Amino acid sequence: MNLYEIMFIQNPDIGEEDQGKLLSRLTSTISKYGGEVIRIDDQGIKSLAYKIEKQPRGRYFLGYLEGPGSMIPEIERFLRLDENVMRFVVIKLDRHVKKEDLLPKPAVEATEPAAEPKGEEAGE
Amino acid sequence: MQQNRPSNPRTRTYYKRKTCRFCEDKNIKIDYKNVGLLQNFITERGKMLPRRITGTCSRHQRELTIEIKRARIMALLPYTVHD
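Chains A and B supply the protein sequences, listed in that same order.
Following the numbering used here, the numbering of the first sequence begins with 25 at its first residue and continues without gaps.
Following the numbering used here, the numbering of the second sequence begins with -14 at its first residue and continues without gaps.
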């Protein structure tokens, strides 16, 4: 099993419904081919460095997956066929990257917000 | 080269040896998502800067090349900037 990073740009004009549909279909494609979604984050609408499909802006998504290498062609095929996906890139992560580092960590931020800033100031 | 062409001591210029930023600070991760960092290694027109200008070592220049190209694919960096 390998870890992968996936980033794709979605057409910003599509509705929230289609957006959710795309994500759920992507997730089911991944699990169908033996993969697991660690997380997928919506990074919001950003302006593009150049126009893609005559669009100056796009909605960025960044996700992390775990699964066998054989699932990658299927994911790429899915993203290529979907009209609302403007661009994508799938990157295999280094071996020393641990799955735990990629998990969402809202709990850590919530438990020690008071202790953190002091340490940072002293460090700098 | 230096021995074949003796330099005039009066016109001789000294350069501070450039060092690779990524070898100096191992914590810097070259990543296509870090657009601010990559922008230091491209020209205003969007072309990649050569090693002799930036002082990057060959290993890190190779990594930079890959990450800049990834950033271009994802429209985080331009392929070219024209008037």
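The beta-carbon is built from N, C-alpha and C at its ideal position, and this holds for glycine as well.
Source: prediction; values computed, not measured.
- From the listed residues B/MET33, B/GLY31, B/ILE38, the smallest Cα separation to B/LYS3 is found for B/ILE38.
- The segment 43 to 62 of chain A and the segment 95 to 104 of chain A touch, with three or more beta-carbon pairs separated by less than 8 Å.
- The beta carbons of B/GLU48 and B/ILE15 sit closer together than 9 Å.
- A/ASP125: member of the alpha helix (DSSP H) spanning 123 to 126, first to last residue.
- C-alpha of A/ILE33 to C-alpha of A/LEU89: approximately 17 Å in a straight line.
- Around B/ILE58, the beta-carbon contacts reaching into chain A at under 8 Å are ARG111, VAL113.
- Its Cα nearest to that of A/ILE76, the residue B/LEU62 stands out among B/LEU62, B/THR(-2), B/GLY40.
- Within the segment 39 to 56 of chain B, contact with chain A at the beta-carbon level (separation under 7 Å) is assigned to ARG55.
- In this structure, B/MET59 is the residue among B/SER43, B/MET59, B/CYS42, B/LYS32 with its C-alpha nearest to the C-alpha of A/TYR84.
- In this structure, A/LEU72 lies near A/GLN79, with their beta-carbon atoms less than 9 Å apart.
- Cβ neighbours of B/GLN46 within its own chain (closer than 6 Å, five residues either side excluded): ARG36.
- Near chain A, meaning a CB-to-CB distance below 7 Å, no residue of the segment 16 to 27 of chain B qualifies.
- DSSP, read as helix, strand or coil, puts B/ASN25 in helix.
- Per DSSP, reduced to three states, the secondary structure at A/ASP42 is helical.
- Check the Cα spacing between B/LYS54 and each of B/MET33, B/THR41, B/CYS42: the tightest is with B/MET33.
- Nearest Cα to A/LEU127 within the set A/LEU46, A/VAL61, A/SER94, A/LEU50: A/VAL61.
- Of all alpha-carbon atoms in B/LYS1, B/SER43, B/ASN19, B/GLU9, the one lying nearest the alpha-carbon of B/ARG57 is that of B/ASN19.
- A Cβ-Cβ distance of about 5 Å is found for the pair B/THR41 and B/CYS5, placing them in contact under the 8 Å criterion.
- Cβ neighbours of B/CYS8 within its own chain (closer than 8 Å, five residues either side excluded): CYS42, HIS45.
- Counting C-beta atoms within 10 angstroms of its own C-beta, A/GLU29 has 16 or more neighbours from the protein chains shown and is therefore classed as buried.
- The straight-line gap separating the alpha-carbon atoms of A/LEU27 and A/ASP37 is approximately 31 Å.
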